[in-house]
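Undergrad:
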Amino acid sequence: MKTKKLLFASALILGTSLVFTSCSKKKDSNDEEIILPVTTPEASFPSITVSGNITTNTIWTKDKVVLLDGRVVVVAPAELTIEAGTVIKGKAGDGASASVLIVGVGAKIHATGTASSPIIFTGEDDQILPGQIESPNLTVANKGLWGGVIILGDAPVSPSSGTTAEVEGIPAGTAGTTYGGSDVADNSGEFQYCSIRHGGIVLSGGNEINGLTLGGVGSGTTINHVEIYAGLDDGIEFFGGAVNVTDAIVIKIDDDCYDVDQSYSGTISNFVAVLGPNQDGDAFEIDGPEGSANSSGLFTFNKGYVVGSGASSTISNGNFAVFKSKAQGTLQNIHFTGFKSGALVRILGADAYGNYAGTGASTLTITNNTFNVASLSGVLNSDQAGFDATTFNGSNTTNTGITNGIDMSQFAGWSLASNTAQYKMQ
């Protein structure tokens with residue numbers, strides 16, 4: 233295997249496109265800069281097929297492509313270690329039979345890629361091999377080829393009843409998939425420099441497998457440098473828990489980029505979202521507690537860059553953010569650009585509005601965000617009579633520049649977004 237090392241110098245934000253600079257570049261047919269793959273793999277590569285439950289400590293190494301055949305569950309107290317540079321491919325499957333990797337409650341995953349050797353999760357149809365960053369054959373149009381990655385823990389959640397819940401997209405009673413509990417510092421392992429591509433399965437409305445699902449994952453878990461690309465449902469969905477996530481990037485999925493449910497109380501910082509022209513979802517969909525358990529949990533989104541679906545988009549959604557039910561937490565220091573005319577920050581329901589207006593049981597703060605629009609007038613919307621946007625207009629601003637301090641260099645090299653022009657807004 234021949235290896236070509238690339239040194240990434242910086243990453244810039246220009247208009248509505250993300251441009252990563254590098255010392256090794258070429259031009260595509262549209263004269264756009266794209267980064268060359270990190271390595272040139274051999275023509276063939278050995279593989280192993282994994283299915284069913286993992287009940288003992290297991291290591292997947294980069295010298296073999298790992299094929300997921302159906303539902304693969306790491307069952308407590310087993311721990312799964314994935315070597316940097318490993319490629320994992322999910323076989324095709326419908327509904328509850330879809331290939332998915334689940335880290336069950338009490339189990340752990342140690343998936344620690346690096347900036348030069350990320351771990352890549354993709355579909356079996358992808359011809360990518362260890363050592364490559366960009367797929368030789370798939371594009372952003374290829375979605376729903378397999379399930380995704382689900383990590384579950386026993387940190388507090390707020391389901392409609394009780395203190396635990398069954399994860400979406402998986403048959404009830406599956407070992408290790410009832411998440412939630414009382415351990416705020418739950419440690420489900422590490423998930424770093426990982427790119428999840430071409431996944432997502434919709435079983436029914438409100439019952440889907442996302443790119444990355446985090447249910448009851450605690451603050452003792454380490455998650456950073458995560459990319460979700462071309463997924464059929466949400467990018468990253470949080471069901472309660474308190475895990476902190478940094479350096480996340482969601483690129484052109486079909487539903488919401490970041491989805492919060494069941495009183496998630498962690499912080500997501502230094503993140504990117506790029507909506508696709510056919511994405512029938514929003515940049516953020518935020519719900520609060522569903523029941524009395526963990527009802528005080530507050531999320532924070534801080535320092536983000538969000539690109540909309542484009543002025544010519546005809547999709548029905550594509551809003552900046554939607555806050556529903558008892559939404560509570562903070563959205564701050566985010567720059568929104570490239571959204572279609574009429575995009576909104578929506579606050580729906582008396583509970584969410586009360587939290588925003590200061591008359592509710594909790595707090596909903598939307599502050600220090602910049603919107604690349606001529607005026608904030610009409611950006612904020614509520615279904616509540618007498619809604620006053622004065623506070624919003626005074627706490628946020630219009631701005632064509634980037635002033636929120638996001639560090640785009642954190643995505644250079646390891647992410648598909650920094651290696652291809654496909655991620656760019658159409």
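Numbering (the numbering used here), first residue to last: 233 to 658. Where a beta carbon is used, it is the ideal one built from N, C-alpha and C, also for glycine. Since the model is a prediction, treat every value here as computed from it, not as a measurement.
Which two residues bound the contiguous beta strand (DSSP E) that contains residue 355?
TA: 351-355
Undergrad: CB-CB under 6 Å to residue 627, same chain, minus the five flanking residues each way: which ones, in chain order?
TA: 599
Undergrad: What does a CB cutoff of less than 6 Å around residue 489 pick up in its chain, not counting 5 residues either side in sequence?
TA: 467, 482, 505, 515
Undergrad: Assess, as a yes-or-no matter, whether the region 385-405 is touched by the region 352-365 under the definition of 3 or more beta carbon pairs within less than 8 Å.
TA: no
Undergrad: For residue 276, does the count of other Cβ atoms within 10 angstroms reach 16, so buried, or fall short, so exposed?
TA: exposed
Undergrad: State the CB to CB distance for the pair residue 571 and residue 540, rounded to an integer number of angstroms; the pair is presumed to be in contact (CB under 8 Å).
TA: 3 Å
Undergrad: Within the same chain, show all residues whose beta-carbon is closer than 6 Å to that of residue 500, passing over the 5 residues directly before and after it, in chain order.
TA: Correct list, in chain order: 477, 533.
Undergrad: In terms of residue numbering, what span does the alpha helix (DSSP H) encompassing residue 480 cover?
TA: Residue 480 -> not in any alpha helix (DSSP H); beta strand (DSSP E) instead, spanning 477-483.
Undergrad: Thinking C-beta only, is residue 576 closer than 7 Å to residue 549?
TA: no
Undergrad: In three-state DSSP terms, what is residue 367?
TA: coil
Undergrad: So the candidates are 531, 588, 519, 542; which of them puts its Cα closest to the Cα of residue 556?
TA: 519
Undergrad: Tell me residue 505's beta-bridge partners as DSSP assigns them.
TA: 482, 538
Undergrad: To the nearest angstrom, how far is it from the Cα of residue 305 to the Cα of residue 446?
TA: 14 Å
Undergrad: Report the three-state DSSP secondary structure of residue 329 (helix, strand or coil).
TA: helix
Undergrad: Taking contact to mean 3 or more Cβ pairs, one atom from each stretch, closer than 8 Å, check whether the region 415-423 and the region 358-368 are in contact.
TA: no
Undergrad: Report yes if the C-beta distance between residue 608 and residue 560 is below 7 Å; otherwise report no.
TA: no
Undergrad: Any idea what DSSP makes of residue 641, helix, strand or coil?
TA: Three-state result, residue 641: helix.
Undergrad: Is residue 626 helix, strand or coil when you go by DSSP?
TA: helix
Undergrad: Just list the residues that DSSP pairs residue 287 with in beta bridges.
TA: According to DSSP, which records beta bridges pairwise, residue 287 is partnered with nothing at all.
Undergrad: Which whole-angstrom value describes the C-beta separation of residue 296 and residue 280, a residue pair presumed to lie in contact below a C-beta threshold of 8 Å?
TA: 5 Å
Undergrad: One question on the structure: do residue 380 and residue 434 come within less than 7 Å of each other, judged by their Cβ atoms?
TA: no
Undergrad: I need the DSSP call for residue 648, collapsed to helix, strand or coil.
TA: helix
Undergrad: What would DSSP say about residue 491, mapped onto helix, strand or coil?
TA: strand
Undergrad: Could you say which of 495, 640, 376, 312 lies nearest to residue 432 if we only look at CA atoms?
TA: For the residues 495, 640, 376, 312, the minimum Cα distance to residue 432 belongs to 376.
Undergrad: Exposed or buried, residue 359, counting other C-beta atoms within 10 Å across all chains shown (16 or more means buried)?
TA: exposed
Undergrad: Measuring only the C-alpha atoms, how far is residue 413 from residue 395?
TA: 6 Å
Undergrad: Do residue 457 and residue 425 have their CB atoms nearer than 7 Å?
TA: yes
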